[in-house]
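Input: a single structure, listed below in structure tokens.
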Amino acid sequence: MSDAPLLSVRNITKRFGGRIACHAVDFDLWPGEVLGIVGESGSGKTTLLNCIAGKLKPDAGSVFYDGTDVHGLSEARRRFLARTEWGFVNQDARDGLRMGVSAGANIGERLMAVGARHYGTIRQTASDWLERVEIDLDRLDDRPTTFSGGMRQRLQIARNLVSSPRLVFMDEPTGGLDVSVQARILDLLRSLVDRFHLSAVLVTHDLGVARLLTHRLMVMQGGEVIEHGLTDQVLDDPQHAYTQMLVASILPV
2 MSDAPLLSVR NITKRFGGRI ACHAVDFDLW PGEVLGIVGE SGSGKTTLLN CIAGKLKPDA
62 GSVFYDGTDV HGLSEARRRF LARTEWGFVN QDARDGLRMG VSAGANIGER LMAVGARHYG
122 TIRQTASDWL ERVEIDLDRL DDRPTTFSGG MRQRLQIARN LVSSPRLVFM DEPTGGLDVS
182 VQARILDLLR SLVDRFHLSA VLVTHDLGVA RLLTHRLMVM QGGEVIEHGL TDQVLDDPQH
242 AYTQMLVASI LPV
């Protein structure tokens with residue numbers, strides 16, 4: 002493991018009017034580590050993720066990526082970072098894809114952001130990634146509007162990972178999908194995270210997903226982190242009453 006964290010989050014606080022969405026959140030993320038953020042709807046986990054990923058400006062606190070203050074970057078530099086060294090997998094793949102262009106073009110855009118210019122190479126790499134995420138190659142020139150929900154999610158994953166990002170944010174990546182489709186997406190994500198030694202921050206309400214994909218877990222309630230530790234320790238021996246309630250109500254006995 003590296004001597005320095007890839008991501009350092011310090012005192013992140015965000016309010017919407019009089020409501021505190023997240024309050025004084027701190028953590029470090031190390032290279033190759035997957036951190037899960039869990040909690041019920043309204044706990045603040047997605048707001049926290051958006052603050053970390055630069056999609057929302059926090060009211061207080063700092064986010065350091067590889068030693069650089071993310072919120073101190075220009076908008077152009079942040080957008081470039083999001084297209085190259087970072088990925089963001091949305092719950093609804095339509096929010097992370099360009100629905101009006103082909104599957105190949107969705108993947109190719111990320112390649113061009115990191116300097117690829119040769120059409121043949123871009124097309125071949127896009128084809129390779131379609132295979133990797135189990136989409137038939139004859140769909141390369143089809144638009145995502147013709148894809149099923151599970152295929153769109155797999156395409157969104159390919160679009161995000163083709164640029165070899167160092168850090169991926171995932172917001173309920175299996176939410177809203179049928180159970181059988183969820184299982185395929187989870188297997189895919191787990192294999193890709195391991196294969197490419199990705200660092201990731203995963204937001205989910207599903208503790209089964211958290212157990213399968215994450216190394217460490219933060220539990221949020223009312224905008225605050227109320228428990229934090231290794232995933233198996235938190236789920237097998239929860240200390241906080243709220244975490245105990247989550248485990249009892251969601252995980253099978």
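Under the numbering used here, think of the first position of the sequence shown as 2, with each following residue one higher.
For glycine and all other residues, C-beta sits at the position ideal for the given N, C-alpha and C.
Here the structure is a predicted model, which means the values were calculated and not measured.
Taking a contact to mean a Cβ-Cβ separation below 8 Å, would you say A117 touches I108 in this structure? For the purposes of this step, residue 117 is identified with residue 116 of the sequence shown, where counting begins at 1. For the purposes of this step, residue 108 is identified with residue 107 of the sequence shown, where counting begins at 1. Cβ atoms of A117 and I108: not closer than 8 Å.
Every unbroken beta strand (DSSP E) within the region 131-161, with a cutoff of 3 residues, ordered by chain: The beta strand (DSSP E) runs of length 3 or more contained entirely in the region 131-161 do not exist; there are none.
Report buried or exposed for R217, applying the criterion of at least 16 other Cβ atoms within 10 angstroms of its Cβ. As a first step, residue 217 must be located in the sequence shown, where it is residue number 216. Buried: at least 16 other Cβ atoms inside 10 Å.
Nearest-angstrom Cα separation, counted from G37 out to R140: Within the sequence shown, the letter at position 139 stands for residue 140. Within the sequence shown, the letter at position 36 stands for residue 37. Taking the Cα positions, R140 is about 33 Å away from G37.
Taking 7 Å as the limit between beta carbons, can you name the residues of its chain near A114, skipping five residues before and five after? For the purposes of this step, residue 114 is identified with residue 113 of the sequence shown, where counting begins at 1. Residues of the same chain with a CB within less than 7 Å of the CB of A114, apart from the 5 flanking positions on each side, are R84, T85, S164 in chain order.
Since Q92 and G151 should fall inside the 8 Å C-beta cutoff, what is the C-beta to C-beta distance between them, to a whole number of angstroms? Working through the sequence shown from its first residue, we reach residue 92 at position 91. Working through the sequence shown from its first residue, we reach residue 151 at position 150. That belief does not hold up - the Cβ atoms of Q92 and G151 are roughly 13 Å apart, past 8 Å.
Residue from D129, M171, N12, G43 with nearest C-alpha to L199: Locating residue 199 in the sequence shown gives position 198, where the first residue counts as 1. Ranking D129, M171, N12, G43 by CA distance to the CA of L199 puts M171 first.
In whole angstroms, give me the CA-to-CA distance for N51 and G43. As a first step, residue 51 must be located in the sequence shown, where it is residue number 50. As a first step, residue 43 must be located in the sequence shown, where it is residue number 42. Each residue's Cα considered, the two are about 14 Å apart.
Just checking my contact of V275 with E228 at CB under 8 Å: how many whole Å lie between their CB atoms? Here the chain comprises residues numbered 2 to 254, so residue 275 is not present and cannot be evaluated.
So G209 is in the beta strand (DSSP E); what residue range does that whole segment cover? For this step, residue 209 is matched to residue 208 along the sequence shown. For G209, there is no enclosing beta strand (DSSP E); the residue is part of the alpha helix (DSSP H) that begins and ends at 208-214.
Smallest Cα separation from G19: which of E34, D60, L193? Residue 19 sits at position 18 when you count from the first residue of the sequence shown. For the set E34, D60, L193, the Cα lying nearest the Cα of G19 is the one of D60.
For H119, does the count of other Cβ atoms within 10 angstroms reach 16, so buried, or fall short, so exposed? Mapped onto the sequence shown, residue 119 falls at position 118. It is exposed - the Cβ of H119 has fewer than 16 other Cβ atoms within 10 Å.
Might you give, ordered along the chain, the residues of its own chain that have their beta carbon closer than 8 Å to the beta carbon of L208, omitting 5 neighbours on each side? If you number the sequence shown from 1, residue 208 lands on position 207. Excluding residues within five positions, the ones whose Cβ falls inside 8 Å are V39, L236, L247, V248, I251, L252.
Start and end of the beta strand (DSSP E) containing S9? Residue numbering aside, residue 9 sits at position 8 when the sequence shown is read from its first letter. That run of the beta strand (DSSP E) goes 8-17.
Buried or exposed for L156, please, with buried defined as at least 16 other CB atoms from any protein chain shown within 10 angstroms of its CB. Locating residue 156 in the sequence shown gives position 155, where the first residue counts as 1. That one is buried.
Would you decide whether F17 is buried or exposed? Buried here means 16 or more other CB atoms lie within 10 Å of its CB. Mapped onto the sequence shown, residue 17 falls at position 16. Flag for F17 reads exposed.
May I ask you to list the residues that DSSP assigns as paired with R217? Stepping through the sequence shown from its first residue, residue 217 is reached at position 216. DSSP lists L36, L231 as partners of R217.
Less than 8 Å between the C-beta atoms of L187 and V210, yes or no? To locate residue 187, count along the sequence shown from 1; it is residue 186. To locate residue 210, count along the sequence shown from 1; it is residue 209. Yes, these two residues count as a Cβ contact at 8 Å.
Cβ of F170 within 8 Å of any chain E Cβ: The structure shown has no chain E; it contains just one protein chain.
I'd like the list of long-range same chain contacts for G224, defined as Cβ closer than 6 Å, with 5 residues on each side in sequence excluded. If you number the sequence shown from 1, residue 224 lands on position 223. Hits under 6 Å: I21, A22, C23, H24, G45.
Is it buried or exposed, L231, if we count other Cβ atoms within 10 angstroms and call 16 or more buried? Counting from 1 along the sequence shown, the entry for residue 231 is found at position 230. Exposed, since its Cβ has fewer than 16 Cβ neighbours within 10 Å.
First and last residue of the uninterrupted beta strand (DSSP E) at M171: Residue 171 sits at position 170 when you count from the first residue of the sequence shown. Residues 168-172.
Do N161 and G105 count as a contact pair if the criterion is CB distance below 8 Å? Taking the first residue of the sequence shown as 1, we reach residue 105 at position 104. Taking the first residue of the sequence shown as 1, we reach residue 161 at position 160. A distance of 8 Å or more separates the beta carbons of G105 and N161.
Starting from A249 and walking both ways along the alpha helix (DSSP H), at which residues does that stretch end? By 1-based counting over the sequence shown, the position of residue 249 is 248. Here the alpha helix (DSSP H) through A249 covers 242-251.
Nearest to G33 by alpha carbon, out of L74, A94, M219, R167? Locating residue 33 in the sequence shown gives position 32, counting from the first residue. Nearest in C-alpha terms to G33, of all of L74, A94, M219, R167, is R167.
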